[in-house]
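**Q** Take a look at the following structure, please.
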Amino acid sequence: MRRLLDAWFAPAPAERLAAVRLMLGAFTLVYLATQLPLWFADAQFHAGDFRPLGVVRLLDGPLPRGLRLALPLVTMALAVTFTLGLAHRWLAPVFALTLLFTLSYRNSWGMPFHTENLLVLHALVLAVVPAADAWSVDARGRAAPAAERYGWPLRALAVITVIAYVLAGIAKLRLGGWAWTDGDALREQIAIDNLRKHLMGAPMSPIAATFLEHTWLMHAMAIGTMVVELGAPIALVHRRAALAWSVAAWGFHVGVLALMAIVFPYQLIGLAYAPLVRCERPIAWLIARGRRARLKPAAAAE
Amino acid sequence: MNATRWYGLVVTLIAAIAVAWPLTRHPLAGDSFPLSTYPMFATRRKDARLYLEYVIATGPAGARRHVPPELVASPEVMQAIVSVHAAVARGDATGLCQRVAARLAPRGGYRGFDEVQVIAGNHRAIDWFVRGERGTERTLARCPIVRGAP
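Right, dumping it as structure tokens:
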């Protein structure tokens, strides 16, 4: 037990947790900006279609138009403070709760999107941990030494990711049993999803029809999907296993994009798996490169 | 155990239990946000049968185009589907038809089309893609695309 606890609380650099904060905050900002036209599409928010989910169940009915439009804008403003690591202890929880409400509201119109769950869940955890002790306004350039308080939050984020994938695998087993791996259910889902898009005048996968002709491919993909989802806990065992699983899970989402034109942006960009890897390295490299670039002209002038 | 470890354990346990909590619910009926049962792609769809209401623009000589979701209800396909279905269910197919026709009227890309139809389709998705077989369609509402005087 003690060894398990020591492993769970193994120290990690402050920069690793800060990197997750930086990337999640920036992603949220860009994501909400790209979604703004959707928030302004009044036809989408017909009162009759309101099916409140999660925290939005607290509302009696849809928000007035002005308040609805304010939601993404306020969340974007808070995403800026979160990304900068400004007053993290106070503003980060406000950001996370606002993001929770905003995306819950967006998902409360008849169709929950499973593309945004991990983003919100990770933000909620990052809001209550010291994710702004490095690379932030709060830190003001101070370097925090590696400590256990930066390690366990990364593992908690990883556990959330892993559980989400395992739940997806269990849902398939509960609804379809092991027969789900024969590929028929997946084939039907891919066909229906693409036809739905075609009939609705939306872009569909250009390669789906070819894949649908080969049932053995669907069988292989169904087995692969189940291995990735139910095998997710292996990512918690070892760093290399985590990397291998992250690549496999990312590949799964690439497959979903290719065959169903469904975008899981948080996963495809890799942020869902960032807590599992040394995600601070690319940012540290960029910062070092920026510093070198600034120093060069100064050195040349001397 | 020090305070950091206690806090870490409490936060981790709360997060893990919350995310796993949907296991206590039915995968389809118990889905929510952000705590989800993740039921996507899990169910069998017999014969890959798809009943769907959708909107098309038609024109002379059999011209036909499926109207994209952003011109029907929402840029999100699935939410547009829900909106179309809800409009049909509450007997507002004609109203939906007229609203879409009004949106298409000023658009240059729809100059060759003169009518909007709300369709109820019944197709087998695998047959559609693999054998090129179309299912049946029923027109629920039709309305002209009325353009203003030049």
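Just so you know, the sequences run in chain order A and B.
Using the working numbering, the final residue of the first sequence is 709, and nothing's skipped along the way.
Using the working numbering, the final residue of the second sequence is 173, and nothing's skipped along the way.
By construction, the Cβ of each residue, glycine as well, lies at the ideal position given by its N, Cα and C atoms.
Computed from a predicted structure; not experimentally measured.
Taking Gly590 (chain A) as the reference, which of B:Pro57, B:Arg28, B:Arg67 has the closest Cα?
**A** B:Arg67
**Q** Write down the C-beta distance between Ala563 (chain A) and Val34 (chain B) rounded to the nearest angstrom, noting that I regard them as a contact closer than 8 Å.
**A** 6 Å
**Q** Listed in chain order, which residues of the region 94–105 of chain B have Cβ atoms closer than 7 Å to some Cβ of chain A?
**A** For the region 94–105 of chain B, which is checked against every Cβ of chain A, the residues closer than 7 Å are Ala96, Ser97, Pro98, Glu99, Val100, Met101, Gln102, Ala103, Ile104, Val105.
**Q** So with Cβ pairs under 7 Å, would you call Met711 (chain A) a contact of chain B?
**A** This structure cannot speak to residue 711 (chain A), because chain A is shown only from 408 to 709.
**Q** For chain A, is any of its Cβ atoms less than 7 Å away from the one on Trp29 (chain B)?
**A** no
**Q** Rounded to whole angstroms, what is the Cα-Cα separation between Thr81 (chain B) and Ala627 (chain A)?
**A** Thr81 (chain B) and Ala627 (chain A) have their C-alpha atoms roughly 41 Å apart.
**Q** Grab me the residues of Ser612 (chain A)'s own chain with a C-beta within less than 7 Å of its C-beta, minus the 5 sequence neighbours each way, in chain order.
**A** Asn601, Ala665, Leu666, Met667, Ala668
**Q** Touch check for the region 557–577 of chain A and the region 435–443 of chain A: three-plus C-beta pairs under 8 Å?
**A** no
**Q** Give the residues of chain B in contact with Val634 (chain A), contact being defined as C-beta atoms less than 9 Å apart.
**A** Ordered by position in chain B, no residue passes the 9 Å Cβ test against Val634 (chain A), which lies about 15 Å from the chain.
**Q** Looking at C-beta atoms only, is the number of pairs between the region 71–78 of chain B and the region 133–150 of chain B that lie closer than 8 Å three or more?
**A** yes
**Q** Name the chain A residues that come within less than 8 Å of Arg68 (chain B), Cβ to Cβ?
**A** Ala592, Glu595, Gln596, Ile599
**Q** DSSP beta-bridge partners for Pro62 (chain B)?
**A** DSSP, once it has assigned bridges, lists no residue as partnering Pro62 (chain B).
**Q** Can you give me the start and stop residues for the beta strand (DSSP E) that Pro777 (chain A) sits inside?
**A** The question about residue 777 (chain A) has no answer, for chain A in this structure spans 408 to 709.
**Q** Are the C-beta atoms of Pro173 (chain B) and some chain A residue less than 7 Å apart?
**A** Low confidence applies to Pro173 (chain B): its pLDDT is 49, below 50, so where it sits in the model is not reliable enough to give any reading.
**Q** Select from A:Ile567, A:Trp559, A:Trp542, A:Leu436 the residue whose C-alpha is nearest the C-alpha of Thr505 (chain A).
**A** Comparing Cα-Cα distances from Thr505 (chain A) to each of A:Ile567, A:Trp559, A:Trp542, A:Leu436, the minimum goes to A:Leu436.
**Q** Between Val141 (chain B) and chain A, is the shortest Cβ-Cβ distance under 7 Å, so that the two count as touching?
**A** no
**Q** Please report the residue range of the beta strand (DSSP E) in which Glu160 (chain B) lies.
**A** 159–167
**Q** Among all the DSSP beta bridges, which residues are the ones paired with Gly144 (chain B)?
**A** B:Leu75, B:Glu160
**Q** Going by C-alpha to C-alpha distance, which of A:Thr509, A:Val661, A:Pro682, A:Leu493 sits closest to Leu721 (chain A)?
**A** Because chain A spans 408 through 709 in this model, residue 721 (chain A) falls outside it and cannot be assessed.
**Q** How is the alpha helix (DSSP H) around His621 (chain A) delimited, first residue to last?
**A** Boundaries for His621 (chain A): no alpha helix (DSSP H) harbours it, and the DSSP string shows neither H nor E there.
**Q** Would you identify the three-state DSSP class for Pro173 (chain B), choosing helix, strand or coil?
**A** Residue confidence for Pro173 (chain B) is low, a pLDDT of 49 falling below 50, so the modelled location carries little weight and cannot support an answer.
**Q** Residues bridged to Val139 (chain B) by DSSP?
**A** B:Ala80, B:Cys166
**Q** In this structure, how does DSSP classify Arg556 (chain A) when only helix, strand and coil are distinguished?
**A** DSSP places Arg556 (chain A) within a helical segment (H, G or I) once states are collapsed to three.
**Q** Any Cβ of chain B within less than 7 Å of the Cβ of Leu574 (chain A)?
**A** yes
**Q** Compare the C-beta of Arg581 (chain A) with all C-beta atoms of chain B and state if any pair is closer than 7 Å.
**A** When Cβ-Cβ separations below 7 Å define contact, Arg581 (chain A) makes contact with chain B.
**Q** Would DSSP call Ala103 (chain B) helix, strand or coil?
**A** Note: Ala103 (chain B) maps to helix in three-state DSSP.
**Q** Would Asp467 (chain A) be called buried (16 or more neighbouring beta carbons within 10 Å of its own) or exposed?
**A** exposed
**Q** Candidates B:Ala112, B:Pro57, B:Tyr61: which alpha carbon is nearest His49 (chain B)'s?
**A** Restricting attention to B:Ala112, B:Pro57, B:Tyr61, the CA atom closest to the CA of His49 (chain B) is found in B:Tyr61.
**Q** Are the beta-carbon atoms belonging to Thr27 (chain B) and Arg556 (chain A) less than 7 Å from one another?
**A** yes
**Q** Tell me which residue opens and which closes the alpha helix (DSSP H) that Arg594 (chain A) is part of.
**A** It spans 591–606 - the alpha helix (DSSP H) in which Arg594 (chain A) sits, taken as one unbroken run.
**Q** What does the alpha-carbon distance come out to for the pair Arg698 (chain A) and Trp692 (chain A)?
**A** 10 Å
**Q** Nearest-angstrom Cα distance between Tyr680 (chain A) and Ile40 (chain B)?
**A** Taking the CA atoms as reference points, Tyr680 (chain A) sits about 20 Å from Ile40 (chain B).
**Q** Any contact between the region 603–622 of chain A and the region 642–658 of chain A? By contact I mean 3 or more CB pairs, one from each, below 8 Å.
**A** The region 603–622 of chain A vs the region 642–658 of chain A: no contact.
**Q** Strictly by DSSP, which residues pair up with Arg87 (chain B)?
**A** Looking at the DSSP output, Arg87 (chain B) shares a beta bridge with B:Thr81.
**Q** Which one of A:Leu606, A:Ala484, A:Thr588, A:Leu561 has the shortest CA to CA distance from Gly432 (chain A)?
**A** A:Ala484
**Q** Report the option in B:Gly31, B:Arg165, B:Val42 whose CA atom is closest to the CA atom of Asp115 (chain B).
**A** Nearest option by C-alpha distance: B:Arg165.
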